[in-house]
Amino acid sequence: MTDRHKADLPELLGEVNLHVRELAQEQLRWDPSDRWGFLCECGRPGCRGIAYLSLAEYEALRDTRRPLLAPGHRASPAQKARQDAAMLRDDAQALRAQARQQQKRARRTLGRQAPDDGSAGPEPEKR
Ligand SMILES: [Zn+2]
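Here this note's numbering is used: the first residue of the sequence shown is 1, the next is one more, and so on.
Right under this line is the structure:
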């Protein structure tokens, strides 16, 4: 197994869990409060851990972007790095959106203070 495969394992497990959720919710129509066995996403080779979560708990965990872990299992450093990166991406997106808002507001404010009527202001004095 290459390092690349090892790094992708938690992601694959996450995808399997998404399918488990889909199956439970859409095909079998389990109640959101009923608990399901999800695969542990720690990514340790040979891990067969199962975490029992309700669909609602699973959704909440997905929102935090934390890996789903069986009791006693820990996220790998690579997963933590990925999670940090994902959170930074979210932060950056939020900041960009904020900056766009402020730009819009600034443009509106400038437009009010100096209406663009084509005049370039007073001529510079000649000596
Ligand atoms: Zn595990």
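Virtual Cβ for every residue (Gly too), placed ideally from N, Cα, C.
For R62, the enclosing alpha helix (DSSP H) begins and ends at L55 to T64. Taken through DSSP and simplified to helix, strand or coil, A94 comes out as helix. Counting along the chain, the unbroken beta strand (DSSP E) around R35 starts and ends at R35 to L39. A distance below 8 Å between beta-carbons, with the five flanking residues on each side excluded, links Q25 to the following residues of its chain, in chain order: P32 and L55. In this structure, Q79 places its C-beta atom within 8 Å of the C-beta atom of G43. G46 and D8 have their C-alpha atoms roughly 14 Å apart.
When the five nearest sequence neighbours on each side are left out, the beta carbons in the same chain lying within less than 8 Å of the beta carbon of L69 are those of C40, E41, C42, G49, A51 and A75, in order along the chain. Here V16 has L39 as same chain residues with Cβ atoms under 7 Å from its own Cβ, once five neighbours each way along the sequence are excluded.
In the structure shown, the three-state DSSP call for A51 is strand. DSSP places R112 in the helix class (H, G or I) of the three-state scheme.
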